[in-house]
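Chains as they are written, first to last, in the working numbering: chain P, 1 to 162; chain G, 1 to 162; chain D, 1 to 162; chain R, 1 to 162. Worksheet: one structure, shown below.
Protein chains: 4
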Amino acid sequence: MTTQSDDPARAVDFRHRTSLQVRFRDTDAFGHVNNAVFASYTELARIRYLLDVLRPDRPFDRMPLILAHLAIDFRSPILFGEEVLVETRVDRIGRTSFAMSHRMTAGEDRVVGEVASVLVAYDYEAAGPMPVPDAWRATFAAFEGRPLDTDSSRPMAAGTTT
Amino acid sequence: MTTQSDDPARAVDFRHRTSLQVRFRDTDAFGHVNNAVFASYTELARIRYLLDVLRPDRPFDRMPLILAHLAIDFRSPILFGEEVLVETRVDRIGRTSFAMSHRMTAGEDRVVGEVASVLVAYDYEAAGPMPVPDAWRATFAAFEGRPLDTDSSRPMAAGTTT
Amino acid sequence: MTTQSDDPARAVDFRHRTSLQVRFRDTDAFGHVNNAVFASYTELARIRYLLDVLRPDRPFDRMPLILAHLAIDFRSPILFGEEVLVETRVDRIGRTSFAMSHRMTAGEDRVVGEVASVLVAYDYEAAGPMPVPDAWRATFAAFEGRPLDTDSSRPMAAGTTT
Amino acid sequence: MTTQSDDPARAVDFRHRTSLQVRFRDTDAFGHVNNAVFASYTELARIRYLLDVLRPDRPFDRMPLILAHLAIDFRSPILFGEEVLVETRVDRIGRTSFAMSHRMTAGEDRVVGEVASVLVAYDYEAAGPMPVPDAWRATFAAFEGRPLDTDSSRPMAAGTTT
Numbered sequence: 001m002t003t004q005s006d007d008p009a010r011a012v013d014f015r016h017r018t019s020l021q022v023r024f025r026d027t028d029a030f031g032h033v034n035n036a037v038f039a040s041y042t043e044l045a046r047i048r049y050l051l052d053v054l055r056p057d058r059p060f061d062r063m064p065l066i067l068a069h070l071a072i073d074f075r076s077p078i079l080f081g082e083e084v085l086v087e088t089r090v091d092r093i094g095r096t097s098f099a100m101s102h103r104m105t106a107g108e109d110r111v112v113g114e115v116a117s118v119l120v121a122y123d124y125e126a127a128g129p130m131p132v133p134d135a136w137r138a139t140f141a142a143f144e145g146r147p148l149d150t151d152s153s154r155p156m157a158a159g160t161t162t
Numbered sequence: 001m002t003t004q005s006d007d008p009a010r011a012v013d014f015r016h017r018t019s020l021q022v023r024f025r026d027t028d029a030f031g032h033v034n035n036a037v038f039a040s041y042t043e044l045a046r047i048r049y050l051l052d053v054l055r056p057d058r059p060f061d062r063m064p065l066i067l068a069h070l071a072i073d074f075r076s077p078i079l080f081g082e083e084v085l086v087e088t089r090v091d092r093i094g095r096t097s098f099a100m101s102h103r104m105t106a107g108e109d110r111v112v113g114e115v116a117s118v119l120v121a122y123d124y125e126a127a128g129p130m131p132v133p134d135a136w137r138a139t140f141a142a143f144e145g146r147p148l149d150t151d152s153s154r155p156m157a158a159g160t161t162t
Numbered sequence: 001m002t003t004q005s006d007d008p009a010r011a012v013d014f015r016h017r018t019s020l021q022v023r024f025r026d027t028d029a030f031g032h033v034n035n036a037v038f039a040s041y042t043e044l045a046r047i048r049y050l051l052d053v054l055r056p057d058r059p060f061d062r063m064p065l066i067l068a069h070l071a072i073d074f075r076s077p078i079l080f081g082e083e084v085l086v087e088t089r090v091d092r093i094g095r096t097s098f099a100m101s102h103r104m105t106a107g108e109d110r111v112v113g114e115v116a117s118v119l120v121a122y123d124y125e126a127a128g129p130m131p132v133p134d135a136w137r138a139t140f141a142a143f144e145g146r147p148l149d150t151d152s153s154r155p156m157a158a159g160t161t162t
Numbered sequence: 001m002t003t004q005s006d007d008p009a010r011a012v013d014f015r016h017r018t019s020l021q022v023r024f025r026d027t028d029a030f031g032h033v034n035n036a037v038f039a040s041y042t043e044l045a046r047i048r049y050l051l052d053v054l055r056p057d058r059p060f061d062r063m064p065l066i067l068a069h070l071a072i073d074f075r076s077p078i079l080f081g082e083e084v085l086v087e088t089r090v091d092r093i094g095r096t097s098f099a100m101s102h103r104m105t106a107g108e109d110r111v112v113g114e115v116a117s118v119l120v121a122y123d124y125e126a127a128g129p130m131p132v133p134d135a136w137r138a139t140f141a142a143f144e145g146r147p148l149d150t151d152s153s154r155p156m157a158a159g160t161t162t
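Structure, rendered in structure tokens:
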């Protein structure tokens with residue numbers, strides 16, 4: 001389901017890819033894949049990234065993370081019968097949160113959506129944000145092949161403070 | 001959301017009603033509410049029935065039940081903009097399972113679906129079926145206003161044995 | 001996405017297979033794939049069967065069909081992270097409708113659901129049922145490798161008359 | 001389903017409200033309403049606003065609009081059993097697009113999400129953007145009770161040019 005890009009031009013930007021199977025249920029009465037389904041495609045790509053990069057040898061389990069922000073730019077409608085590719089990367093890491101971006105394409109590399117998301121490291125027992133684990137910082141940077149830490153004074157998203 | 005019918009002709013059959021709000025997301029590219037959404041409407045009506053009848057004073061929590069069988073007859077398409085009413089009743093109670101049926105209508109009492117479901121009383125700790133609690137038998141029968149126990153030799157659904 | 005089975009023991013029963021990608025969105029608060037999603041998996045398998053068998057060289061387009069009946073026996077919960085296989089066959093063909101069945105498995109061939117569906121050939125312009133096209137009868141029978149016509153006096157499903 | 005606020009403190013900000021019925025299917029394995037469902041709640045609120053304000057006497061039909069951008073800030077999890085209120089307003093109108101915002105609350109006015117969306121007026125026959133109709137500008141401004149036109153040099157959203 002997930003492979004790293006072999007395309008040198010793209011490898012700089014996105015090193016993780018998830019192929020999405022479009023279902024008929026994904027469509028709505030306007031005849032295209034419904035806007036909310038872009039969030040579900042993104043969610044699967046985000047989880048695959050986190051499992052593949054942080055926990056390659058372990059089964060799915062809840063990570064100490066919550067989704068704080070999701071922004072989708074819709075570029076082109078997706079039709080039933082198409083296959084969708086979601087490329088994912090970590091862009092920046094703050095003290096308690098990190099930003100990911102996703103590039104969604106269909107057909108012959110037609111861009112259908114561009115997505116930004118912010119995840120907050122969250123301690124479910126303490127019911128509050130926690131620092132992004134240092135091991136994650138190192139593993140994300142190693143996977144992405146570039147430094148990722150960010151000035152913590154720059155907010156991750158409107159309304160996100162750390 | 002849920003009221004008992006005031007219509008004497010209908011009160012014999014269905015004493016529990018749940019009103020469903022149709023969302024645009026419920027539609028598919030054929031322009032109507034998608035068939036899978038009938039299962040979601042039924043699920044909400046089933047849960048409302050179980051909460052209203054068995055646990056009227058308690059918040060939602062998992063009951064010792066699993067859905068074993070669901071059969072839907074599609075009678076008429078549902079359009080966005082309509083409101084759907086799902087009437088629910090318990091039909092029969094076996095040793096470890098019970099059968100419910102649902103009548104779905106839209107618009108001016110137009111029947112859009114008829115649904116049968118079988119629930120199995122399930123002990124999650126023991127990971128197996130358990131007898132339907134006697135208190136449930138009595139409460140269902142009292143709510144429905146008729147005897148509900150059934151000959152346990154008659155299967156609840158194809159493939160269901162008790 | 002779709003291949004014919006190479007397993008001789010299974011080839012007798014189901015000659016069409018669709019692999020389904022489980023999404024995190026398919027789960028519900030009980031931790032498994034929600035019951036309504038079984039209908040969506042079935043729908044994709046049904047459409048793939050119809051396209052692959054009846055229209056192998058044409059893009060997706062609406063066929064003169066409506067879903068009249070769907071019955072699901074839930075055998076085992078599906079977990080996020082599993083891949084689901086839906087095997088599909090045409091069982092019987094009546095005058096204006098035909099019956100399909102589906103076998104859903106996950107993991108190491110663990111049966112998770114058994115599904116029966118009835119499709120009615122439908123003339124959208126005339127807004128009524130129409131005879132199943134003779135070409136479809138022949139093509140289904142050729143694909144399935146066995147005769148499929150049925151005694152039209154035997155109903156396809158409760159409440160279906162032809 | 002939709003009423004104008006009677007609360008004078010709130011009336012300044014949001015004059016349109018849509019009440020959303022939470023379904024069990026809206027939850028995911030983390031036990032809360034899934035993030036993609038926030039998009040579906042927003043979609044219903046947006047459509048209700050557009051129908052109520054622009055077409056109060058006409059049935060649902062496709063409007064010459066496409067969703068170009070959607071941004072969601074998740075403030076608090078939504079539980080099954082809660083009712084969700086989505087307040088909607090038009091914030092700004094550009095040459096060919098306009099921006100809406102939504103305030104989502106559950107329980108006792110607990111803010112669960114804040115949503116921004118950008119709609120582009122779209123001529124489906126010409127397959128391209130078109131000016132926002134003057135009648136819409138006037139009707140939106142009259143409903144909102146304040147001027148809405150915006151400097152067209154200020155982009156509606158990242159990647160949106162008019």
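Just so you know, even glycine gets a beta-carbon here, dropped at the ideal spot from N, CA and C. Predicted model only: the values in this text are computed from it and were never measured.
Taking the alpha helix (DSSP H) that T139/R belongs to, which residues open and close that run?
As a working note, residue 139/R is residue 139 in the fourth sequence. For T139/R, the enclosing alpha helix (DSSP H) starts and ends at 134-144.
Residues of the region 65-83 of chain D in Cβ contact with chain G at a cutoff of 9 Å, in chain order, please.
I66, L67, A68, H69, L70, A71, I72, D73, F74, R75, P77
From this set, D149/D, I47/D, A71/D, which residue's C-alpha is nearest L65/D's C-alpha?
If you number the third sequence from 1, residue 65/D lands on position 65. For the residues D149/D, I47/D, A71/D, the minimum Cα distance to L65/D belongs to I47/D.
Give me the subset of the region 33-48 of chain D whose CB atoms are less than 7 Å from a CB atom of chain R, sorted by chain position.
N34, A36
Quick one: using the 10 Å Cβ neighbour count with 16 as the cut-off for buried, is G113/G buried or exposed?
Your numbering for residue 113/G matches position 113 in the second sequence. Per the 10 Å Cβ criterion, buried.
Give me whichever residues DSSP pairs with G164/D in a beta bridge.
Because chain D spans 1 through 162 in this model, residue 164/D falls outside it and cannot be assessed.
Would L70/P and A71/R qualify as a contact pair, given that the criterion is a beta-carbon distance under 9 Å?
Here residue 70/P corresponds to residue number 70 of the first sequence, with the count starting at 1. Here residue 71/R corresponds to residue number 71 of the fourth sequence, with the count starting at 1. Yes, the Cβ-Cβ distance between L70/P and A71/R is below 9 Å.
Any C-beta of chain G sitting closer than 9 Å to the C-beta of R25/P?
For this step, residue 25/P is matched to residue 25 along the first sequence. Yes, contact with chain G.
Is any non-hydrogen atom of the ligand HEM found closer than 8 Å to the C-beta of D61/P, if you look at the structure I gave you?
The ligand HEM is absent from the structure shown, which contains no ligand whatsoever.
What in chain P is Cβ-close to P56/D, meaning under 7 Å?
For the purposes of this step, residue 56/D is taken as the residue at position 56 of the third sequence. Going along chain P, no residue has its Cβ under 7 Å from P56/D, so there is no contact; the nearest lies around 13 Å.
Using the rule of at least 16 other Cβ atoms within 10 Å of the residue's Cβ for burial, across every protein chain shown, is L148/P buried or exposed?
Here the question's residue 148/P lines up with position 148 in the first sequence. L148/P should be labelled buried.
Put A11/P into one of helix, strand or coil per three-state DSSP.
Position 11 of the first sequence, counted from the first residue, corresponds to residue 11/P. Interpretation of A11/P is limited by its pLDDT of 43, a score under 50 that renders its predicted location unreliable; the figure taken from the coordinates is listed afterwards. Reduced to three states, the DSSP call for A11/P is helix.
Leaving aside the five residues before and after N34/P along the sequence, list all residues of the same chain whose C-beta is less than 8 Å from its C-beta, in chain order.
Mapped onto the first sequence, residue 34/P falls at position 34. Leaving aside the five residues that flank N34/P on each side, the residues in its chain whose CB is nearer than 8 Å to its CB run, in chain order, D26, T27, D28.
Could you work out which residues of chain P lie near F60/D, taking near to mean beta carbons separated by less than 7 Å?
Residue 60/D sits at position 60 when you count from the first residue of the third sequence. Chain P residues near F60/D: F80, G81.
Can you give me the C-alpha to C-alpha distance between D134/R and A142/P, rounded to a whole angstrom?
As a working mapping, residue 134/R is identified with position 134 in the fourth sequence. As a working mapping, residue 142/P is identified with position 142 in the first sequence. Approximately 54 Å between the Cα atoms of the pair.
Could you check whether E144/D and R15/D sit closer than 9 Å to each other, using their CB atoms as the reference points?
Stepping through the third sequence from its first residue, residue 15/D is reached at position 15. Stepping through the third sequence from its first residue, residue 144/D is reached at position 144. Closer than 9 Å, so yes.
Give every residue of the same chain whose Cβ lies closer than 7 Å to the Cβ of T150/D, excluding the five residues on either side of it in the sequence, and list them in chain order.
By one-based count along the third sequence, residue 150/D stands at place 150. Excluding sequence neighbours, T150/D sits near R92, I93, G94.
Per DSSP, which residues does G128/G bridge with? Please list them.
Taking the first residue of the second sequence as 1, we reach residue 128/G at position 128. G128/G is bridged to D123/G.
My output table needs one value for T150/D: the three-state DSSP class, helix, strand or coil.
Locating residue 150/D in the third sequence gives position 150, counting from the first residue. If DSSP states are grouped into helix, strand and coil, T150/D belongs with coil.
State the DSSP-derived secondary structure class of R25/G, mapped to helix, strand or coil.
Walking along the second sequence from the start, residue 25/G turns up at place 25. R25/G carries a helical assignment under DSSP once its states are collapsed to helix, strand and coil.
I want to see whether chain D comes within less than 9 Å of L119/P, judged by CB atoms only; does it?
Taking the first sequence and counting its residues from 1, the one referred to as residue 119/P is at position 119. Not one chain D Cβ lies under 9 Å of L119/P.
Taking only beta-carbon positions, decide if F140/R is within less than 9 Å of chain P.
In the fourth sequence, counting from the first residue as 1, residue 140/R sits at position 140. Cβ-Cβ to chain P under 9 Å: no for F140/R.
Which residues bound the alpha helix (DSSP H) around F42/R?
Position 42 of the fourth sequence, counted from the first residue, corresponds to residue 42/R. Note on identity: in this sequence residue 42/R is Thr, with Phe being the wrong assignment. Element bounds for T42/R: 35-54.
Residue range of the beta strand (DSSP E) that T88/G falls in?
Within the second sequence, the letter at position 88 stands for residue 88/G. Residues 83-93.
Mark A121/G as exposed unless 16 or more other C-beta atoms lie within 10 angstroms of its C-beta, in which case mark it buried.
For the purposes of this step, residue 121/G is taken as the residue at position 121 of the second sequence. With 16 or more Cβ atoms within 10 Å of its Cβ, A121/G is classed as buried.
Cβ of A45/P within 9 Å of Cβ of A36/R?
In the first sequence, the residue the question calls residue 45/P occupies position 45. In the fourth sequence, the residue the question calls residue 36/R occupies position 36. Contact: no.
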